[in-house]
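Here the structure comes first, spelled out in structure tokens, and everything after it is commentary.
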Amino acid sequence: MSQTIAISAQNVIKAFGHGEHAVRALDDVSLDIRKGEFFTLLGPSGCGKTTLLRLIAGFEMPSGGTILLDGADITNLPPNKRPVNTVFQSYALFPHLTVAQNVAFGLEMLGKSKSEVSARVAEMLALVKLDHLAARKTSQLSGGQQQRVALARALAPQPKVLLLDEPLSALDLKLRKEMQIELKRLQLETGITFVFVTHDQEEALTMSDRIGVMSSGHLQQVGSPKEIYTRPRNRFVASFIGETNFLPATREALGYRLDCGIVVQAPASQAQRVTLTIRPEQLRLVPEAEGDVPVKITNLVYFGTDTHCHMSLPDGTEVVARLQSPSDGESGLQVGQGIGLRFLPGALQVLEE
Ligand code: ATP
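Quick note, the working numbering runs 1340 ahead of the 1-based positions in the sequence shown.
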């Protein structure tokens, strides 16, 4: 099994400062990142994701716990002794050197022969599609081109793991979308394990093989984008990734009784009092008599392809459904209207608090 694990963080703790001013940036984090996967650390600002990346890189030492790479303990190795490279948000290129010289830099530091260096630089520039700019100074490149140079430079020494710290956040939206596809392609073509840090949930969902969702120094859930989206473990994960609805309920012999009195089906849980969750696109509007529960429409918001229909359940709980807008844009729904709400079978999930 350890053959397939690239990075293993075991009970990692990182505290900054002392006494009452101490901050636990990471509080007992254990995580296995598989070889060859695109793994994303996702969470809000301050949750500890950059700290975890810096510990893997060796820029910080943990206060407790162990970090393994390919099964070997690297916890106390300095950064330059780790087969790991980092791409920073700021790119950190050498502005006075050419594109080719920037990419060659790490290889020369490793003492590679001249012919080896130039062959590898050519290969890397072809990979990031910058062969035509090899002789250009990096100060004369666009943001997107600089990003490609940074990637080529980091990939050139063939690291076992590439760490990427919000590398796309300085780019405008259009370029960011292009680079998302480009990064994914680079990862697939090189087969190198990527560990990508972002606070952008859409970026995480579209690019990753697996995502680790973090908050307050804790790993909240690890899973594929689909698992995280469709089976969020707790309230934090459900609300951080996409929009969702929360329905307070009580467990009974035959299912869960929502606070509005209706009994619904959802996976088994230990707790008596629970919160159920369902995504807006998993709600259907039907004639009142055919619904699981009667609701009143409180607001309709038109988003082009979608219309968001806000409703209140009989106990006052607010929910939102995402409906595909009809081609003429007229849904036939009205604020104040009573209607039936149906939950897609199997869609209700139970959250741990
Ligand atoms: P962001 O997206 O804003 O970079 P993050 O999730 O990457 O946030 P970290 O940078 O890992 O979060 O920081 C986690 C916590 O540790 C924060 O509370 C931060 O203030 C604290 N922290 C990080 N580095 C240091 C440091 N060198 N000294 C003191 N506190 C630090």
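Idealized CB from N, CA, C, for every residue including glycine.
Check your understanding: Which stretch, first to last residue, makes up the alpha helix (DSSP H) that contains Y1569?
Key -> Stepping through the sequence shown from its first residue, residue 1569 is reached at position 229. P1565 to T1570 is the extent of the alpha helix (DSSP H) around Y1569.
Review point. Helix or strand or just coil, what does DSSP make of A1608?
Key: Counting from one through the sequence shown, the residue named residue 1608 turns up at place 268. It is coil, neither helix nor strand.
Point to revise | G1404 - partner residues in DSSP beta bridges | key: Indexing the sequence shown from 1 puts residue 1404 at position 64. Looking at the DSSP assignment, G1404 forms a beta bridge with I1353.
**Study point:** In DSSP terms, what A1412 is bridged to
**Key:** Translated into the one-based positions of the sequence shown, residue 1412 becomes position 72. The partner list for A1412 (beta bridge, DSSP) reads L1409.
Review point. Counting along the chain, where does the beta strand (DSSP E) carrying Q1664 start and finish?
Key: Position 324 of the sequence shown, counted from the first residue, corresponds to residue 1664. For Q1664, the enclosing beta strand (DSSP E) has its first and last residue at E1658 to Q1664.
Review point. Is it right to say S1342 is buried, meaning 16 or more other beta carbons lie within 10 angstroms of its own, or is it exposed?
Key: Residue mapping note: residue 1342 aligns to position 2 of the sequence shown, counting from 1. Any reading at S1342 must be qualified, since the residue scores a pLDDT of 47, below 50, and its modelled position is unreliable; the value itself is stated next. Exposed, by the Cβ-count rule.
Practice item. May I have the straight-line CA-CA distance separating L1408 from Q1480, to the nearest angstrom? Key: If you number the sequence shown from 1, residue 1408 lands on position 68. If you number the sequence shown from 1, residue 1480 lands on position 140. Straight-line Cα distance between these residues: approximately 40 Å.
Exercise for review: Examine ligand 1 and report whether any of its heavy atoms sits within less than 7 Å of the Cβ of T1390.
Suggested key: On the sequence shown, residue 1390 is found 50 positions in, with the first residue counted as 1. With a cutoff of 7 Å, T1390 counts as near ligand 1, since its C-beta is closer than that to a heavy atom of the ligand.
Review point. What residue from L1653, E1400, L1673 and P1435 has the CA that sits closest to D1632's CA?
Key: Counting from one through the sequence shown, the residue named residue 1632 turns up at place 292. With distances taken between Cα atoms, D1632 lies closest to L1653.
Exercise for review: Quickly, what does DSSP pair H1650 with across the bridge? List them, please.
Suggested key: Here residue 1650 corresponds to residue number 310 of the sequence shown, with the count starting at 1. For H1650, which the question treats as bridged, DSSP gives the partners N1639 and V1660.
Check your understanding: Is F1379 near ligand 1, in the sense that its beta carbon is under 7 Å from a heavy atom of that ligand?
Key -> Counting from 1 along the sequence shown, the entry for residue 1379 is found at position 39. In this structure, F1379 has its CB at a distance of at least 7 Å from all heavy atoms of ligand 1.
Practice item. State yes or no: is the C-beta of V1427 within less than 8 Å of the C-beta of L1366? Key: Taking the first residue of the sequence shown as position 1, residue 1427 is located at position 87. Taking the first residue of the sequence shown as position 1, residue 1366 is located at position 26. Their beta carbons are not under 8 Å apart, which means V1427 does not touch L1366 by this criterion.
Review point. Helix, strand or coil for M1341 per DSSP?
Key: Here residue 1341 is taken as the residue at index 1 of the sequence shown, counted from 1. Bear in mind that a pLDDT of 47 at M1341, under 50, signals an unreliable position, so the number given afterwards is only what the model happens to contain. Coil.
Point to revise | Between the CA atoms of S1348 and E1670 - distance to the nearest angstrom | key: Reading the sequence shown from its first residue, position 330 is the one you call residue 1670. Reading the sequence shown from its first residue, position 8 is the one you call residue 1348. Rounded to the nearest whole angstrom, the CA to CA distance from E1670 to S1348 is 53 Å.
**Study point:** Length at least 4, wholly inside the segment 1358-1402: the alpha helix (DSSP H) runs in chain order
**Key:** Counting whole runs of 4 or more residues, the segment 1358-1402 contains the alpha helix (DSSP H) stretches 1389-1397.
Exercise for review: Using 7 Å as the cut-off, classify the Cβ of S1385 as near or not near the heavy atoms of ligand 1, replying yes or no.
Suggested key: As a working mapping, residue 1385 is identified with position 45 in the sequence shown. Remark: the C-beta of S1385 is in contact range of ligand 1, defined as less than 7 Å to any heavy atom.
Point to revise | E1506 classed as buried or exposed, judged by whether at least 16 other C-beta atoms fall within 10 angstroms | key: One-based indexing of the sequence shown puts residue 1506 at position 166. Taking a 10 Å sphere around the C-beta of E1506, we find 16 or more other C-beta atoms and assign the residue as buried.
Practice item. Counting only the same chain and skipping the five closest in sequence on each side, list residues whose C-beta sits under 7 Å from that of N1585. Key: On the sequence shown, residue 1585 is found 245 positions in, with the first residue counted as 1. Annotation for N1585: T1617, I1618, P1620, V1659 and V1660 place their beta carbon closer than 7 Å to its own, counting only its chain and skipping 5 residues before and after.
Review point. Looking at the unbroken beta strand (DSSP E) that takes in G1451, where does it start and where does it end?
Key: Position 111 of the sequence shown, counting from 1, holds the residue named residue 1451. Taken as a continuous stretch (DSSP letters only), G1451 belongs to no beta strand (DSSP E), as it is neither H nor E.
Check your understanding: Relative to the alpha-carbon of Y1596, which residue among T1391, L1688, L1511 and L1382 has its alpha-carbon at the smallest distance?
Key -> Here residue 1596 refers to the residue found at position 256 of the sequence shown. Here the closest residue by C-alpha is L1688.
**Study point:** Inter-residue spacing [alpha-carbon to alpha-carbon] between L1663 and H1650
**Key:** Here residue 1663 corresponds to residue number 323 of the sequence shown, with the count starting at 1. Here residue 1650 corresponds to residue number 310 of the sequence shown, with the count starting at 1. Straight across, the Cα-Cα distance linking L1663 with H1650 is about 11 Å.
Check your understanding: Could you give the distance in angstroms between the alpha-carbon of E1529 and the alpha-carbon of R1422?
Key -> To locate residue 1529, count along the sequence shown from 1; it is residue 189. To locate residue 1422, count along the sequence shown from 1; it is residue 82. If you draw a straight line from the Cα of E1529 to the Cα of R1422, it comes to about 22 Å.
Practice item. Work out the CA separation of I1568 and T1657 for me, nearest whole Å. Key: In the sequence shown, counting from the first residue as 1, residue 1657 sits at position 317. In the sequence shown, counting from the first residue as 1, residue 1568 sits at position 228. In a straight line, the C-alpha of T1657 is about 24 Å away from that of I1568.
Check your understanding: Closest to G1644 by CA distance: which of V1352, P1666 and T1546 is it?
Key -> Taking the first residue of the sequence shown as position 1, residue 1644 is located at position 304. Comparing Cα-Cα distances from G1644 to each of V1352, P1666 and T1546, the minimum goes to P1666.
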